[in-house]
Structures are given as structure tokens and as C-alpha cells.
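In what follows, a single structure is set out as C-alpha cells and then discussed.
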Amino acid sequence: MKSLTLLELNSLVRMTLEQAMPNEYWVEAELSEAREWGGHCYLELVQKDERGNTPVAKASAKCWRNTWMMLKPYFERTTGQALHAGMKVLLKVYAQFHESYGFSWIVTDIDPTYTMGDMARKRQEIIRQLKEEGVFDLNKELSLPMFAQRVAVISSANAAGYGDFCHQLTDNEYGFCFHTELFAAIMQGEQVERTVIEALNRINERADDFDCVVIIRGGGATSDLSGFDTLALAENVANFPLPVITGIGHDRDESVLDMVSNTRVKTPTAAAALLIDHLALVLHKLEDAQETIVNIVKRRMTIERMRLERLANQIPMLFSVMRTQQEARLDRLFAKLAAQMQQHIATRQARLAPMATLLRTRAEQRLMREQHRLSLLEKRAEMLNPELLLQRGYSITLFNGHAVSDATQLLPGDEITTRLAKGSVCSVVK
169 MKSLTLLELN SLVRMTLEQA MPNEYWVEAE LSEAREWGGH CYLELVQKDE RGNTPVAKAS
229 AKCWRNTWMM LKPYFERTTG QALHAGMKVL LKVYAQFHES YGFSWIVTDI DPTYTMGDMA
289 RKRQEIIRQL KEEGVFDLNK ELSLPMFAQR VAVISSANAA GYGDFCHQLT DNEYGFCFHT
349 ELFAAIMQGE QVERTVIEAL NRINERADDF DCVVIIRGGG ATSDLSGFDT LALAENVANF
409 PLPVITGIGH DRDESVLDMV SNTRVKTPTA AAALLIDHLA LVLHKLEDAQ ETIVNIVKRR
469 MTIERMRLER LANQIPMLFS VMRTQQEARL DRLFAKLAAQ MQQHIATRQA RLAPMATLLR
529 TRAEQRLMRE QHRLSLLEKR AEMLNPELLL QRGYSITLFN GHAVSDATQL LPGDEITTRL
589 AKGSVCSVVK
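Take the sequence shown: its position 119, counted from the start at 1, is 287 in the numbering used here, and no numbers get skipped.
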């Protein structure tokens, strides 16, 4: 069996292709990548399943410099924009196979009226709907906490970008300590939306444990970013209660997720640098504030020290002046007090003199009244003296030493005494 060399086989493919497809064809395709190099334009074409967002066909295309110099200004002047990823285009191409470089489509013309593809229109529709709902800039209104060190990371566990992100945070030049926790998700393909939303929901349940969310992935073709251009994912990020930082594409790629996030950076390492720079800025502010406080305290202490020195120098003189003033004040108070006391005593004496005269007069009047009253009582007592009654012929009967005024008080056989003016008589009651 005869074998062919690879060059012979590739030459056979080229000749077969040239014979089977000698014509040019108009083809509809979406650009997943468009770049210029050396005056040539290199395109990556993609076709996606209408029922989903999965690429069903991919191909490379080239527009050589002599053709691109004419097509580029015409296309940009007509459409008002340059070729970019996400744009759906209508290209006129022919097939070319090179033994060393393989197969590619060579572009000879572009229809500028066929501009925005389904991917771009879907993105514009999502953006329009988010703006109508009033949530497009909602996450951007959140501020990254001053000490943003607790980071929830949404990424593929085995992604190199995730490793670079963690490594840069750990080995930062300032020695800052960051606490990261991975919430694994699929970062390309049809499951991006579902798994990222699930990760966001898990983070939301522990929102108090984190300061921000970082969604990162490595590079890759623009078509791999299609999973980040969905309404549900954009709404979740726009309404998320924590600032969301995205680093899911290259400089020339921007997804809807990037547009609604709080901050968009190019790569995972750029996301780590953002967090480090933010904390470094806080550190510088704290150091500046510390230096300002120290300077203010030093300046105030200097001023107060000078003030105390001036006061210390003034104390002897002030004390002497104060002592003289206080002694003079005490002398004035003493003289005033003595004058007031003399005046008060004179006033009281003037008031007491008539009161003493009045008291003496009233006392004499009271003594006279009481003496008269005693004379009357003495006369009355003399009139009631029993001795006077006995001398008049009256007698007093006594029983057991007590005067008898009622005969029923006595019993037969009782001895009684009758007292007379002169002597007494003892008797027995019968």
C-alpha cells in the first residue's frame, strides 16, 4: 500500500478544494473576534444555535491588506462603527487551503447594511430592559467598603485566573490580609447563567460575611462570553446588595455583566490589584490622618507649653497684686461689718429702751392687781375659818376624825366627838 507525505496530502486537498469550490460565496456569520495585524484583518466567525447560545460552527477568515484598505473606510463610514466582536456580518468569501497554514476563508467584500447580529441585538435589548427597570446602574451606586478584605469569589475552581487572583492577593507588597472564599461556577458554555446565579444566591444568604463579590475567569474567545450576556444574570448582579467586581474578559471584550457590575476590570489579576490598591489607598489615608493628628497635637502642645510658661512667669506678680487686692477688700469688708454691727446695736438699743419702760410699768400694774386679789382671798379665808363659827355657838361633830354631815352615816354604838369653842364632848350613839 503506497503512502502519501503530509505535503502531498495537503496539496491534494488544496487542488480538490480549488476544483470543487472555485466560486465566491456570500455568507452570514457573527464575529467572535476581529483584529488587525500588519494591515491585514483577521476574523473569527461563529454561528450559534437559534434555540440557545451554543456555537454550532466556527471558522477563521482573513481580509488581505489591499482589499481591507478599501473595505474598512467604506464599512465604517456606512455603519458608523468598526468591526467588533458580537457583530453579525455578511461577507463575500472564497475558500483557500494552504499546505502550511491550513484552511481559511478569504474575504473579498462586506455588505455594510448587514451590521448588527443577533448577539448584539440581544445585548442591546437586555440593556434597554435593564434601564427601563431602573436597575442598570443600581450596583454602581454601592461603595466598596473602606476595609474590603472579605471577598466572595465566583470562578471555576481549576481556572488559572482564579489561582492568579489568589496568589496576587496573598503576595501583595503591603502584607495585607485578605479572606477569600470560592463559590464554584461554570464560566463558559450554556451553564454559565445557572451556575453563576446559584453562586450569587449562596453568597446572598451570607451577605454579612463578605465585603464584595468578584466574578473572574481567564481569557478565551469572545464567543465564550455569551453566557454573561443574559437578562437573568444581569438582573441578579444589578440588584445584588454587595459591590460586584468583574474580570471575565480581555480589554476589547465587554459583556452585559461588565456593564451592570459595580466595577469592571480586564483580568482576574487586575481585580486583585484593584482590591489591593483600594486597601492601600485607605492605608495612605489613615497614615495621612495619623500624621495630621500627630502634627496638630504637637502644635497644640507647643502652644499650650508656651502659654503655661507665660502664665508661670505671671503668677508671682499676679499673686502679689491679687494678695494686695484681697487684703484691701478684707479691710473694707471688716470696716463695713463693724459699722453695720454698731448701727445694728444702736438700733436694737433704741428699740429696747421704750420696751423696758413699758415692761416695768406693766409689771408694777400686775403686782398691784395680784396683791389686791390676795387681800380679798385672805379676807375670804378668814371668814371661812371654823374657829370663828365655834365662837359664835356652833359645834362640829367628828367620827373617826371626820366631820359628820349626815346622821345616817352613824350606827348605834359609834363613838362621836363634839367639838366646841372651848373643849370637846365624847358621846355614844344609841
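All C-beta atoms in this analysis are idealised placements derived from N, C-alpha and C, irrespective of residue type, glycine included.
The structure displayed is predicted, hence computed values, not measured ones.
#### Entry: Alpha-carbon to alpha-carbon, serine 272 and lysine 434
Cα to Cα, the separation comes out at about 30 Å.
### Query
Can you tell me the Cα-Cα spacing of glutamate 373 and valine 381, whole angstroms?
13 Å
### Delimiting residues of the alpha helix (DSSP H) encompassing aspartate 445
436 to 551
### Task
Count the other C-beta atoms from every protein chain shown that fall within 10 angstroms of the C-beta of cysteine 231, then say buried if there are 16 or more, exposed otherwise.
buried
### Query
How long is the line joining the alpha carbons of histidine 335 and leucine 185, rounded to whole angstroms?
50 Å
### Task
Could you tell me the distance, in whole angstroms, from the CA atom of valine 405 to the CA atom of glutamate 422?
15 Å
### Query
For proline 313 versus glycine 386, is the C-beta spacing smaller than 9 Å?
In this structure, glycine 386 does not lie closer than 9 Å to proline 313 by Cβ.
### Query
So the alpha helix (DSSP H) histidine 335 belongs to, where does it begin and stop?
Its alpha helix (DSSP H) spans residues 328 to 338.
#### Entry: Local conformation of glutamate 256 per DSSP, three classes
Residue identity check: residue 256 is lysine in the sequence provided, not glutamate. Of the three classes helix, strand and coil, the one that applies to lysine 256 here is strand, per DSSP.
### Task
Specify the secondary structure class of valine 139 as computed by DSSP and reduced to three states.
Here the chain comprises residues numbered 169 to 598, so residue 139 is not present and cannot be evaluated.
### Query
What did DSSP end up calling glycine 228 once you bin it into helix, strand or coil?
Here residue 228 is serine; the residue named in the question, glycine, does not match the sequence. Note: serine 228 maps to strand in three-state DSSP.
### Task
Rounded to whole angstroms, what's the CA-CA distance from alanine 263 to valine 364? Just pull it up for me.
40 Å
### Task
Please report the residue range of the beta strand (DSSP E) in which glutamate 349 lies.
347 to 352
### Task
Apply the 10 Å Cβ neighbour rule to aspartate 426 and answer buried if 16 or more other Cβ atoms are within range, or exposed otherwise.
buried
#### Entry: Local conformation of phenylalanine 567 per DSSP, three classes
strand
### Task
Could you have a look at tyrosine 342 and say whether DSSP puts it in helix, strand or coil?
Tyrosine 342 carries a coil assignment under DSSP once its states are collapsed to helix, strand and coil.
### Query
Out of curiosity, what's the CA-to-CA distance linking leucine 527 and arginine 516?
16 Å
### Task
Would you mind giving the Cβ-Cβ distance between valine 275 and lysine 260, rounded to the nearest angstrom? I have them listed as a contact below 8 Å.
Contact flag correct, Cβ pair sits at about 7 Å.
### Query
Cα-Cα, which of Ser171, Glu309, Thr585, Tyr242 is closest to threonine 431?
Glu309
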